[in-house]
Each structure stands twice: as C-alpha cells, then as structure tokens.
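The sequence shown begins at 8 in the numbering used here and counts up by one.
All C-beta atoms in this analysis are idealised placements derived from N, C-alpha and C, irrespective of residue type, glycine included.
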Amino acid sequence: MAEERNFHVSSKTEQKRRGKQNKKAKSGGFESLGLSPNVYRGVKRKGYRVPTPIQRKTMPLILSGSDVVAMARTGSGKTAAFLVPMLERLKQHVPQGGVRALILSPTRDLSLQTLKFAKELGRFTDLRISLLVGGDSMESQFEELAQNPDIIIATPGRLMHHLSEIEDMSLRTVEYVVFDEADSLFGMGFAEQLHQILAQLSETRQTLLFSATLPSALAEFAKAGLRDPRLVRLDLENRISPDLKLTFFTLRQEEKYAALLYLIREQIFSDQQTLIFVSTKHHVEFLNGLFREEGIEPSVCYGDMDQDARKIHIQKFRARRTMLLIVTDVAARGIDIPLLDNVVNWDFPPKPKIFVHRVGRAARAGRTGTAFSFVTPEDMPYLLDLHLFLSRPVRPAPTEKEVLQDTEGILSRIDQAIANGETVYGRFPQTVIDLVSDRVREIIDGSADLIALQKTCTNAFRLYSKTKPLPARESIKRAKVLPLEGLHPMFKNLLGDKELTAAAFSERLKAFRPKQTILEAEGEAARSKNLQGSSSQWVDVMKKKRAIHEKIINLHHQQSKDQVAEFSDPVNIFGSMLEISGSKRKAKSFKDEEYFISSVPTNQHMEAGLSVRANEGFQSSRLDAAVLDLVADDSVGLQKQKSVYHWDKRGKKYVKLNNGERVTASGKIKTESGSKVKATKTGIYKRWKERSHNKVSLKGVDTEGHSEDRRGSTDYRQMQGGSNNRFKGGNSQMQGGSNNMFKGGNNHMQGGGNNRFKGGNNHMQGGGNNRFKGGNNHMQGGGNNRFKGGNNHMQGGGNNRFKGGNNQMQGGGNNRFKGGKSHRSLPNAHVPSELRDPEQVRKRRQQQANKISYMKNKSAKGKQKFGKNGNRGGKTKN
Numbered sequence: 008m009a010e011e012r013n014f015h016v017s018s019k020t021e022q023k024r025r026g027k028q029n030k031k032a033k034s035g036g037f038e039s040l041g042l043s044p045n046v047y048r049g050v051k052r053k054g055y056r057v058p059t060p061i062q063r064k065t066m067p068l069i070l071s072g073s074d075v076v077a078m079a080r081t082g083s084g085k086t087a088a089f090l091v092p093m094l095e096r097l098k099q100h101v102p103q104g105g106v107r108a109l110i111l112s113p114t115r116d117l118s119l120q121t122l123k124f125a126k127e128l129g130r131f132t133d134l135r136i137s138l139l140v141g142g143d144s145m146e147s148q149f150e151e152l153a154q155n156p157d158i159i160i161a162t163p164g165r166l167m168h169h170l171s172e173i174e175d176m177s178l179r180t181v182e183y184v185v186f187d188e189a190d191s192l193f194g195m196g197f198a199e200q201l202h203q204i205l206a207q208l209s210e211t212r213q214t215l216l217f218s219a220t221l222p223s224a225l226a227e228f229a230k231a232g233l234r235d236p237r238l239v240r241l242d243l244e245n246r247i248s249p250d251l252k253l254t255f256f257t258l259r260q261e262e263k264y265a266a267l268l269y270l271i272r273e274q275i276f277s278d279q280q281t282l283i284f285v286s287t288k289h290h291v292e293f294l295n296g297l298f299r300e301e302g303i304e305p306s307v308c309y310g311d312m313d314q315d316a317r318k319i320h321i322q323k324f325r326a327r328r329t330m331l332l333i334v335t336d337v338a339a340r341g342i343d344i345p346l347l348d349n350v351v352n353w354d355f356p357p358k359p360k361i362f363v364h365r366v367g368r369a370a371r372a373g374r375t376g377t378a379f380s381f382v383t384p385e386d387m388p389y390l391l392d393l394h395l396f397l398s399r400p401v402r403p404a405p406t407e408k409e410v411l412q413d414t415e416g417i418l419s420r421i422d423q424a425i426a427n428g429e430t431v432y433g434r435f436p437q438t439v440i441d442l443v444s445d446r447v448r449e450i451i452d453g454s455a456d457l458i459a460l461q462k463t464c465t466n467a468f469r470l471y472s473k474t475k476p477l478p479a480r481e482s483i484k485r486a487k488v489l490p491l492e493g494l495h496p497m498f499k500n501l502l503g504d505k506e507l508t509a510a511a512f513s514e515r516l517k518a519f520r521p522k523q524t525i526l527e528a529e530g531e532a533a534r535s536k537n538l539q540g541s542s543s544q545w546v547d548v549m550k551k552k553r554a555i556h557e558k559i560i561n562l563h564h565q566q567s568k569d570q571v572a573e574f575s576d577p578v579n580i581f582g583s584m585l586e587i588s589g590s591k592r593k594a595k596s597f598k599d600e601e602y603f604i605s606s607v608p609t610n611q612h613m614e615a616g617l618s619v620r621a622n623e624g625f626q627s628s629r630l631d632a633a634v635l636d637l638v639a640d641d642s643v644g645l646q647k648q649k650s651v652y653h654w655d656k657r658g659k660k661y662v663k664l665n666n667g668e669r670v671t672a673s674g675k676i677k678t679e680s681g682s683k684v685k686a687t688k689t690g691i692y693k694r695w696k697e698r699s700h701n702k703v704s705l706k707g708v709d710t711e712g713h714s715e716d717r718r719g720s721t722d723y724r725q726m727q728g729g730s731n732n733r734f735k736g737g738n739s740q741m742q743g744g745s746n747n748m749f750k751g752g753n754n755h756m757q758g759g760g761n762n763r764f765k766g767g768n769n770h771m772q773g774g775g776n777n778r779f780k781g782g783n784n785h786m787q788g789g790g791n792n793r794f795k796g797g798n799n800h801m802q803g804g805g806n807n808r809f810k811g812g813n814n815q816m817q818g819g820g821n822n823r824f825k826g827g828k829s830h831r832s833l834p835n836a837h838v839p840s841e842l843r844d845p846e847q848v849r850k851r852r853q854q855q856a857n858k859i860s861y862m863k864n865k866s867a868k869g870k871q872k873f874g875k876n877g878n879r880g881g882k883t884k885n
C-alpha cells in the first residue's frame, strides 16, 4: 500500500509539472520543449527567453532522435540549437558511460567558443566537458581525458592525435555527434581525419550538421553517415541580415590604404567596433603598424599567431579597449563578437560563402550594421558572382555628368533602389584619395619597418592572387562590358556642385580622344599654308580610312551595349543605360513565363556557391583536392595546394601527410611549427602515464576509486582516500594510498602511495613507491623498496632491494640483498662483503689494480717521451 501511495503521489506531481509546462507551451518559449529542470535553468540563466527560428525548427527534431542537417545565417543561434538538446539527452554524468557526445569544429577559436557556451548552458548539470584543440599541451589534455568526460569538443587533427596515442581511447560509446561549420570540415582538407574518426564511431549514433552555408544536395555529406536526415534551411532569400547595409567602393589596389584610413577617421564613429578582413598575415602586420603610427591602437589576429597573444588581443577587443580588429579568414572563423557594428573587406573575398561568413558577424540580434567592401577592377567578376549567389540586382552609380543633368531625380532614384534591396557600387572621391594618400606616404617613408613590410605585402598579395579560386566565366565576360560607374552615393553630401563639375570635367578629360591623327593634322596645316603635294593625298586617304573604322567602332560599341542590356534587368533605374541610338532595346524572348520549364534550376548560382566541393561551384572541373575552402594567410600556407603522399615501407602503402608536413631522411615528420615528430606513435602518452601513474580509459571506466578490472574473489575489501587502484584477489585493505595495485589476497597498506603488491599476505605502513613480489612481506616506514621473494622484513629503511627470501633489515638505507637468509641490524653499515659474494669482490679488486697499473705505465711513458725538463727525447736545450 505504501508503494502504491508513493506511486500515486509521484504520478500526481509529474502530472502537475507537465500541466504547467503545457500551459507555458502556448507561449512558444523553451517551456514547450519539455526540458529537464537543470537544463531549463541553464537556458534561462543564459538569458534565452524565446527560441530563434533555427532553434524552433531543429530542436524538436533533434530531441526526437532524428539526424538533422541545418543551415541558417551567422548569428541566428545555431550553437544553442545543438547544445541544448545534447544536454537534455545526456542529463547527468555517468561514471561508467565513457564519452557520449562529440562536437567537431574546424578551428580552435570556434571550439573555445562552443566550450564557453556549453559550460554556461550546462552550469546546473554535473556533465564533464573536455577540450581537445591544437596549441595546448598534450599532458594537460590527458589529465582531462582521465577524468572520464561525457562531452568532447575537438578539432579533427588533435582528436586523431589522441586516438593514435592512447590505445584505451574508444569512441564506440558516442551517441551524439555534431559537425559544426560542416562545410568547412568537409572542405578544408580534413577528409582523411574525418574518415578515420567516423570509422571509430557507433553506427547507431545521432549525427547533426550545422553551418551558415550548406547545399541542398546531401550526397556531398554522404561520408558523415547520415540516416534518413531531416533538412532545415532557413533564410534562403535573406542569406545576410536585412538590417545589414552593403557598401561597395571601386578603387585601385594602391589606394586601399588611404581609403581605409579615411573610413576609420571620417565615416565610422569612434564608439563603433569594426572588423577588418585582409588576405595575408603580412597585411595584418602592415596595417597594425600603419594605424599605430597614426595614433590608433588596433587588435590583430592571424593563423600562426601565438595562442596567448591571440587571446590577449581578442579579449581587449571584446572588452572594448580597442575598437579595431584586423584578422584573416583563417583566424576569424570562430571568433564571436556579439555587438559588432561594421565589417570592412579590405581584400574582396574570392567566394560568396566567405563573404556571407564575414559580413554575418555584424547586424546581429536586431542591431544594424554596415559592411564596406573595396573592389578593384580585378575583383569585379567576384562582385558579380556574389550578387548571383545573393540573388540581388547590382547597379553602377550614375556618372557625374548624369547627376549634373538631373541631380534631384537621379539621387532620389538611387535612394529608392537601395531601399528596394538593390546594390549600388561607385568610386571613391579622387580628391579625398589624393589628400589621404599623401599622409599615408609620409607615414610609410618615416618608418623603416613599414617600408620593409610594404615590399613583403606586395609579394604576398601576388602569391595570394595566384592561389585564390577563379570566378565564373560568365562573370568575367560580363565584367568587361560593364558601364563606367560614378561617385558612390555615400559621398553625395560630401561634394558640392563645384566639386561635381570638376569631377565631371576630369572624367571627360580622361575619356578625351583627338578627332584627327598626326597625318590629318599635318595635312590641315599644309592646306592652310597653300602647300600642294602628296600631303593632301594622305589627308584624303586617312579620312576614308577613318570613316570605315568609325563604322566598325560604332558597331562594336552597340554590341557592348547589347551585352550590358542582356545581362541587366529590363528596367534601369538610371534611365539611359539601355538606350541605343535614341531608342530602347526591344526584349527578344521566346519564353512563355507561365508554361516554360527550364533545364537549369533557377537557384543554380546559389547552390553552386554553397557547394563544399571546391570547384564544383562555378567551374565544371572536379579538382576537389586542389583548392582549399579558405585561402591561407601566409606564404607557406599559400603553397600548400597539392596533397603530399609518402611511401610507408612497413605498411607497403602511400600515407597522406597533413598540410605543411614532410618526412625527413630520418623518418620523422616536420610539422608546420618546425618541430619534428616521429611518423608513428611519439610515446608522449606512455611517458605521461609512467610519470603520473594515471591512465586514460574511455571505455566506461570511472577513475575515482573504481575500476573495470575486478576479477577474482572480492568477498572483502576496504579502501579510504585512494584513487586509481586495481584490486585482483580478495581481502585487501588500503588507507590513504593512491595509484596502487594489489594482486593476491590478504594485503594491508596504510599511508602508502604508488605501490604494487604481487603475492598474498603483504603488510606495509608509511611506505611509498614500493614493489612486493612474493608473499608474507612486512615493511614499516620504508620508501622506494623492492622485495622479490617471500618472508621479508624491514623497519625504517629506504631505497633497498631484496632478492631472495627470509631477509631482515632495520635502520639501513640504499642496500641490496641478493641471496636468501641475509641479516643486517647495524645502522648505516656498508661492507662490500655484505653486498656481494667473494667472487664479485675479487673481480672488483682486480679491476681496481689493473686501472692503477695502467695509469702508472701511462705516466712513465709520458716522462720518457718529454724528459724531465719537458723537452722531447729527454735532451736539454743549450
């Protein structure tokens, strides 16, 4: 009856709790997910009230156990979308459960960010989390793994290093796997590591893929082992935040420094934080020196930067002690800056996906932001590829001549086009560029470091241009026939009518072409002087030739305008682009908009840009291993485009090396940091295990005083204060010891550490680092001793070895007993006869005598050779 009553009470309590959750579920918050109290408290403590769209779509699917592939723009809450269901599934620490969740990230910084979120969300649970990333010592990570973590957050390279070093490390207990930034993991050269990691995972696991850019063709992720996955893709129309303003400036490569300095000084407010993306680490160092000479202190971050220095710089930027952060693509992936105002693309990204990841860091959580991009003439095809990917129309800004003709009408139409989501790109004011360029040149000339760095940047950018992916062929053709752009609309209030008139005159001066050739000019001069001869004949010939050429030139211009009209939308906001010879081009289309079915998908450009296969996007060739997802930021990384294979003599096969590694003649691999490691196991885990007397066993073993190895009679055992011990055999007692092994029954130990008992009926008090092999041994107060043989007795001795049975010792140190029935009671006695048998003593004395005889003979030969006075042959010098 009592059990039934308790059951009814518990069921009523459960019904009340579910009833409250059902009432709260109507609000659409996290209450509707039915989270456990500890997980729900962590979510509320983090400040989350209502799930974001990606969380609302994916969390129910994940909690139901389905494999999910999710895509949403940066800053939409993807990290919490897979962390909260993971915590709900694991709930609490299981001592013998092993690793139950694995989160893989492409970069160290992204792993650190995920670790921070996981600890904050799971602060009310007892789940253990281990971080395995490069840059940290292996020994410290061994210590974390020895604590039997429930969750591992790792990068593929470091996880594979641990799996190859630790024999007892297994991932078969993993039931929850997350690929964060999955497109980077499957496209950044991690294929070999992922293949080996996936081979060690259980087939019944739940697999999740999250990223801001994912294709719809899940066949590209077939290697992840998805089982009937559910695809969730949000914000396909708005792949970037609608609160983000895109601004594109056209300028030359050498004008970028002046343009950036002007933006920071004049256009961006001093209380706004700005993230600046550059192509290589050399540009990071150069801009850092340039800003410091100008009195602006920025933070920097690039790929091979020291980890401690990187943490310091990022922390200063997060604490708003610096307002500028200069980064490369390799280093920036994973840096989370919640309240970022502006993003500057100093070098235009070669892929649309990279652009989305860059600018997606601004305008988060309802805030507004601006993305400034510098576009050189060589970058125009990439600009067109980007807008094909974004499905946004792009227009050049009207020229100064058009603005002067109808200033108010043109500017109003520009504002309306920008409000409708169209992109308008334009030039930087040349007057501004000229003024700031003088200041930049003055700063560089006054610093020897900047002069040297400028040359390095030039060479690095040349190599970067050779290694970045090529744009689409259609975009290259279209970029060649784009009309001339005018001044960017952002500067419409900066310049007055006089400046616009001067700019228009400057543009007309640049486009000036003389109407006469040198021969025609000489002919006109000859006619004015009434000179007759062959010159007049040459004038007539040139006029006829010009008339023929003008027809060809006009035909070429008309074809160029037709191409511009073909690539552009029929409606032009500037009103005159499509006008040819005073009439608009008529649309020639055979398509029936209602019934026509195209053989090419309408979203082909978007899917091509999202593809994780490197050249599957805008090029037809399949060279997956030739181009990386992100172009490296240093000269060494830029040259790592080809896969390197090494012939393994033992395995009789080719072994693929990681990026930047090479095998030396000694069979060692030289890593990116320059250190050499063995191609096989380095033995670092074995040395750590011997030094710490600890081990890593991720097969469901808890290290706090319990072991999976409990064979034999276990009828009676006692243990107080010990950890990492093994008992084989019954009737063992231990107090205050750690890292001990008992093999055999009836053992007793008090106050000892790091001891091994092999054989029954052993007794020890107060000793450490001892080994007993053989039964019936007794020791009090000794340390670092070895007993081999039974029935040994020792009191107060240290660093002794007993080989043979029935030995007794009191008060001695550093002694060795070999042979049975030895006895010593004199304190600190050291007699050779007690230590060795007579034959050994005789050999030792004979060796000492031979050594003394050899030294005497050598001294006598020296005297005979040089004589008494030190002269050769014993003769004296007269």
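Where Y432 sits in the DSSP three-state scheme: strand
Would you check if there are 3 or more beta carbon pairs closer than 8 angstroms linking the segment 275-291 to the segment 349-369? yes
Could you tell me the boundaries of the beta strand (DSSP E) in which N427 lies? Per DSSP, N427 belongs to no beta strand (DSSP E) and is neither H nor E.
Less than 9 angstroms between the C-beta atoms of I159 and M93, yes or no? no
With a Cβ-Cβ cutoff of 9 angstroms, do L489 and L152 count as a contact? no
Beta carbon of E301 nearer than 9 angstroms to that of L268: yes
Who are the Cβ neighbours of L393 in its own chain at under 6 angstroms, not counting the five residues just before and after it? P359 and F362
In chain order, what residues of the same chain lie with their CB nearer than 8 angstroms to the CB of K868, ignoring the 5 residues before and after it? none
Where do the N-terminal and C-terminal ends of the alpha helix (DSSP H) with N466 fall, by residue? A455 to T474
In chain order, each beta strand (DSSP E) run of at least 3 residues that lies wholly inside the segment 68-106: 75-78
Can you give me the C-alpha to C-alpha distance between T383 and Q260, rounded to a whole angstrom? 6 angstroms
Using 8 angstroms as the cut-off, can you tell me whether the segment 423-442 makes contact with the segment 248-267, which would need three or more C-beta pairs spanning the two stretches below that distance? yes
How long is the line joining the alpha carbons of R272 and A316, rounded to whole angstroms? 27 angstroms
Does the segment 163-183 come close enough to the segment 102-113 to have 3 or more Cβ pairs within less than 8 angstroms? yes
Unbroken alpha helix (DSSP H) run spanning P388, endpoints: M387 to L397
In the DSSP assignment, find the unbroken beta strand (DSSP E) run with A108 in it and report its ends. A108 to L111
Can you pull the DSSP bridge partners for P403? Y432
Collapsed DSSP secondary structure at R240 in the structure displayed: strand
Alpha-carbon spacing of F381 relative to A265, whole angstroms: 12 angstroms
3 or more residues per run - each beta strand (DSSP E) lying fully within the segment 132-187: 136-139, 158-161 and 183-187
Considering A378, what are the terminal residues of the alpha helix (DSSP H) in which it resides? Segment G376 to V382 is the beta strand (DSSP E) holding A378; no alpha helix (DSSP H) there.
List the whole-angstrom C-beta distance separating R52 from R130, where the pair is believed to meet the contact cut-off of C-beta under 8 angstroms. 7 angstroms
In angstroms, rounded to a whole number, what distance separates the CA positions of G453 and V439? 22 angstroms
Would you report the Cα separation of S730 and P102, rounded to the nearest angstrom? Caution applies to S730, whose pLDDT of 48 falls short of 50 and renders its modelled position unreliable; the value that the coordinates give is listed next. Going by the C-alpha atoms only, they are around 14 angstroms apart.
Cβ-based burial, Y692 [other Cβ within 10 Å; buried from 16]: buried
Around the C-beta of L346, are 16 or more other C-beta atoms found within 10 angstroms, so that it is buried, or is it exposed? exposed
If I'm right that Q1 touches G142 with Cβ under 8 angstroms, what's the distance once you round it to whole angstroms? It is not possible to answer for residue 1, since the shown part of the chain is limited to 8 through 885.
Taking only three categories from DSSP, how would you classify F37? helix
Quick check on L516: buried or exposed, where buried means 16 or more other Cβ atoms within 10 Å of its Cβ? exposed
From the DSSP output, in three-state form, read off D354 for me. coil
Quick one: what does DSSP say F255 is sitting in, helix, strand or coil? strand
Step through the CB atoms of chain B and report whether any lies within less than 9 angstroms of the CB of S83. The structure shown contains no chain B, having only a single protein chain.
Compute the distance between the beta-carbons of E304 and L331, then report whether it is under 9 angstroms. yes
In whole angstroms, what is the alpha-carbon distance linking G164 and A424? 48 angstroms
Simplified DSSP state of D336, which is helix, strand or coil: helix
Y661: which of K550, E199, L442 and F293 sits nearest, CA to CA? E199
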